[in-house]
Amino acid sequence: MIQQAVSDEVRERSDLDWKRELPHGNSEETRDEFTKDVAAMANSGGGTIVFGVEEDRSTSAARTIVGASSWDDSRQRTLRTWAFNSIHPPVHGLEFALIQEDGVEVILLNAQASADTPHLIIMNGSFRAPRREGAGTVYMSEREIESHYRTSV
0 MIQQAVSDEV RERSDLDWKR ELPHGNSEET RDEFTKDVAA MANSGGGTIV FGVEEDRSTS
60 AARTIVGASS WDDSRQRTLR TWAFNSIHPP VHGLEFALIQ EDGVEVILLN AQASADTPHL
120 IIMNGSFRAP RREGAGTVYM SEREIESHYR TSV
């Protein structure tokens, strides 16, 4: 499955994000990057983050399976805790799957579409609402945030 995506040079899109590695350590910067990505997926109708695949920076296409190291119950608990405690309202129902591709482990994180949007993160001392825009992540404008609040009630 993942090898086929690499062979086909599948590009990132609003519901697919390639990540070279799992978040390592517990630094604020690492946590903020992870929660930004999860909140963006939840705010954009859901999607999958794939850890262990290097992307071509110029095209956002899957380039190489590098594998995701250090996956265990402790790491999964940490990531779930970050999604619950650092995203407001919390993102529930994250699904993790470990798959093997030619003896290399890749981790899939599926973030479901959420009825509780917008999901906000704290960045540089203020609330921000990330969302996916094609292969990238952008921050919602005030009007977009207002629209999400209206449709979630």
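For the sequence shown, position 77 matches number 76 in numbering that gives the first Met the number 0, and the numbering has no gaps at all.
Ideal Cβ placement from N, Cα and C applies to all residues, glycine included.
Remember, it's a predicted structure, so these values are computed and weren't measured experimentally.
Closest residue to residue i among the options (Cα-Cα distance)
i	options	result
glycine 45	Arg142, Val137, Leu93	Leu93
alanine 41	Val52, Asp16, Leu21, Ile64	Asp16
alanine 134	Ala39, Val105, His23, Glu28	Ala39
aspartate 7	Gln111, Thr77, Gln99, Glu54	Glu54
serine 140	Arg127, Thr150, Ser151	Arg127
arginine 10	Glu27, Glu28, Thr47	Thr47
isoleucine 86	Leu107, Glu27, Glu143, Lys35	Lys35
Classification of residue i by the beta-carbon crowding that lies within 10 angstroms, buried from 16 upward
i	result
histidine 23	exposed
alanine 96	exposed
arginine 131	buried
isoleucine 1	buried
Boundaries of the alpha helix (DSSP H) in which residue i is found, first to last residue
i	result
aspartate 36	27-42
glutamate 8	Here glutamate 8 belongs to no alpha helix (DSSP H), and DSSP marks it neither H nor E.
threonine 58	Per DSSP, threonine 58 belongs to no alpha helix (DSSP H) and is neither H nor E.
aspartate 72	72-84
serine 146	141-151
Extent of the continuous beta strand (DSSP E) to which residue i belongs
i	result
tyrosine 100	Contrary to the premise, residue 100 reads as glutamate rather than tyrosine in this sequence. First-last of the beta strand (DSSP E) with glutamate 100: 94-100.
glutamate 104	103-110
methionine 0	Segment: none, methionine 0 is in no beta strand (DSSP E) and carries neither H nor E.
Presumed contact (8 angstroms Cβ cut-off) between residue i and residue j, rounded CB distance
i	j	result
valine 52	alanine 61	5 angstroms
With three or more C-beta pairs closer than 8 angstroms as the rule, is the stretch 54-65 touching the stretch 115-132?
Here the stretch 115-132 makes no contact with the stretch 54-65; the two share fewer than three CB pairs at distances below 8 angstroms.
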